Amino acid sequence: MSAPRIGVSIVTMGDRPQAVEALLASVAMQDVRPTRLVIIGNGTALPDYTSTPGLEDLDGGVTTIELPENLGCPGGRNEGLRRLAEIGDVDVVVELDDDGLLVDKDVFRRVRDHFAADDRLGIVGFRIADEHGETQRRHVPRLRAGDPMRGGPVTAFLGGGHAFSMKMLAETGLWPAEFFFTHEETDLAWRALDAGWRVEYDPELLLQHPKTSPARHAVYYRMTARNRVWLARRNLPLPLVPAYLSTWTLLTLARTRDAKGLRAWAGGFAEGVRTPCGERRPMRWSTVWRMTRLGRPPVI
1 MSAPRIGVSI VTMGDRPQAV EALLASVAMQ DVRPTRLVII GNGTALPDYT
51 STPGLEDLDG GVTTIELPEN LGCPGGRNEG LRRLAEIGDV DVVVELDDDG
101 LLVDKDVFRR VRDHFAADDR LGIVGFRIAD EHGETQRRHV PRLRAGDPMR
151 GGPVTAFLGG GHAFSMKMLA ETGLWPAEFF FTHEETDLAW RALDAGWRVE
201 YDPELLLQHP KTSPARHAVY YRMTARNRVW LARRNLPLPL VPAYLSTWTL
251 LTLARTRDAK GLRAWAGGFA EGVRTPCGER RPMRWSTVWR MTRLGRPPVI
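Quick note on numbering: full-length UniProt numbering labels position 218 of the sequence shown as 218, and the sequence is numbered without any gaps.
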């Protein structure tokens with residue numbers, strides 16, 4: 001692919017207006033201009049972003065989508081991706097959390113160069129760091145998370161900042177909207193790998209993001225358990241489903257000290273077992289081996 005056209009998609013619930021303005025300013029300062037910017041109001045009305053300084057002259061302009069209800073993070077992102085696919089003037093889409101910030105001016109140029117160099121590159125994950133430059137271990141997409149500056153091929157990516165090949169999405173499908181929150185990145189990464197696409201982590205692609213805990217969300221324990229079960233049921237060969245779920249059950253019991261959280265987790269696990277999980281498309285054993293060689297077999 002030569003000089004892929006870059007699009008940007010941002011989902012917001014309308015509760016971080018100042019952070020969104022700062023993020024848009026950091027998009028405007030990039031030394032490679034995006035073709036189009038899409039902003040999705042996830043169950044909220046949006047201000048008029050069409051004349052945002054530095055973005056008013058984009059070739060494709062600024063597109064806003066106001067959803068009547070909150071569809072969750074993956075559901076809201078899907079609306080932006082569908083609109084970009086319909087318009088058809090973007091080859092690579094960069095999705096950014098609405099409370100993130102692009103500190104460097106060359107982020108889109110690096111993204112463009114990554115995809116121009118490899119037509120089987122499906123996903124590039126950014127490094128997430130707080131205002132002090134610290135990256136939390138959970139934000140490093142590999143098991144050996146001690147060095148967040150070690151890039152290369154991986155089996156996962158961070159939802160806060162990443163870039164997708166639109167060609168890949170047309171083949172693999174979009175985010176699993178039914179997940180609503182947590183583990184949707186893993187589902188999409190596994191499907192991409194199984195379809196023969198590459199997933200890269202580039203720590204030089206920095207998204208500054210406040211330090212947070214996923215447990216700040218009231219639904220965290222229930223949804224993280226439910227979605228892990230769905231993830232396994234949707235994507236893993238049958239012999240690996242109990243191995244994967246047993247591993248994560250043991251890890252959860254060892255790590256969690258919140259009795260109320262554990263009860264919610266157990267309820268979510270049961271919900272994941274008994275409720276529909278979407279289409280089951282188990283990955284090939286060759287994909288399992290490929291992930292194992294990359295350092296993360298799909299049992300953990």
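Idealized CB from N, CA, C, for every residue including glycine. All figures in this text were calculated on a predicted structure; none of them were measured in a lab.
Query	Result
Helix, strand or coil for Y201? Go by DSSP, reduced to three states.	strand
With distances taken between CB atoms, is the gap from P4 to R82 smaller than 7 Å?	no
By the DSSP assignment, the alpha helix (DSSP H) with G161 in it spans what residues?	From DSSP, G161 is part of no alpha helix (DSSP H) but of the beta strand (DSSP E) over G161 to S165.
Quick one: Cα of D85 to Cα of S165, how far?	Just to set this straight, residue 85 is Ala in the shown sequence, not Asp. Roughly 11 Å between the two C-alpha positions.
Quick check on the DSSP output: the beta strand (DSSP E) that includes F126 runs from which residue to which?	L121 to A129
Go to D97, then tell me how far its beta strand (DSSP E) extends in each direction, as first and last residue.	V92 to D97
My output table needs one value for V273: the three-state DSSP class, helix, strand or coil.	helix
Going by the beta-carbon positions, is the gap between T35 and G7 smaller than 7 Å?	yes
If you follow the beta strand (DSSP E) that V219 is in, where does it begin and where does it stop?	Premise fails: V219 is in no beta strand (DSSP E) and is neither H nor E.
Smallest Cα separation from E200: which of N227, I87, V241 and A163?	A163
Quick one: what's got a C-beta closer than 6 Å to M149's C-beta in the same chain, skipping five residues either side?	P203
State whether the segment 38-47 contacts the segment 108-122, with contact taken as three or more CB pairs (one from each stretch) at a distance under 8 Å.	no
Give the straight-line distance between the Cα atoms of T287 and H209, rounded to the nearest whole angstrom.	32 Å
Pairing CB atoms from the segment 283-299 with CB atoms from the segment 233-252, are three or more of them under 8 Å?	yes
Please report the Cβ distance between R198 and D118, rounded to the nearest whole angstrom; I am assuming they are in contact, meaning their Cβ atoms lie under 8 Å.	7 Å
By alpha-carbon positions, which one of R255, R293 and T224 ends up nearest to A266?	T224
Where do the ends of the alpha helix (DSSP H) carrying V140 lie?	From DSSP, V140 is part of no alpha helix (DSSP H); its letter is neither H nor E.
Are there 16 or more other CB atoms within 10 angstroms of the CB of T182, so buried, or fewer, so exposed?	buried
Which of the three DSSP states, helix, strand or coil, is assigned to Q208?	strand
Quick one: is residue 301 buried, meaning 16 or more other Cβ sit within 10 Å of its Cβ, or exposed?	Because the chain is modelled from 1 through 300, residue 301 falls outside the range shown and cannot be assessed.
Please tell me whether L55 and A25 are closer than 7 Å, where the distance is taken between their beta carbons.	no
Answer yes if the segment 149-159 comes into contact with the segment 118-129, meaning at least three C-beta pairs across the two stretches below 8 Å, and no otherwise.	yes
Whose C-alpha, out of K260, R274 and C73, is nearest the C-alpha of T12?	C73
Is R77 near W230, with beta carbons less than 7 Å apart?	no
Within a Cβ cutoff of 8 Å, which residues of the same chain sit near E279, ignoring the five residues on either side of it in sequence?	R234
Under 8 Å by Cβ, that's how I've got D104 and L206 pegged, so tell me the actual separation to the nearest angstrom.	6 Å
Sort out for me which residues DSSP pairs R284 with in a bridge.	BP columns for R284 are empty, so no partner.
Have a look at the DSSP bridge pairing and note the partners of T64.	I39
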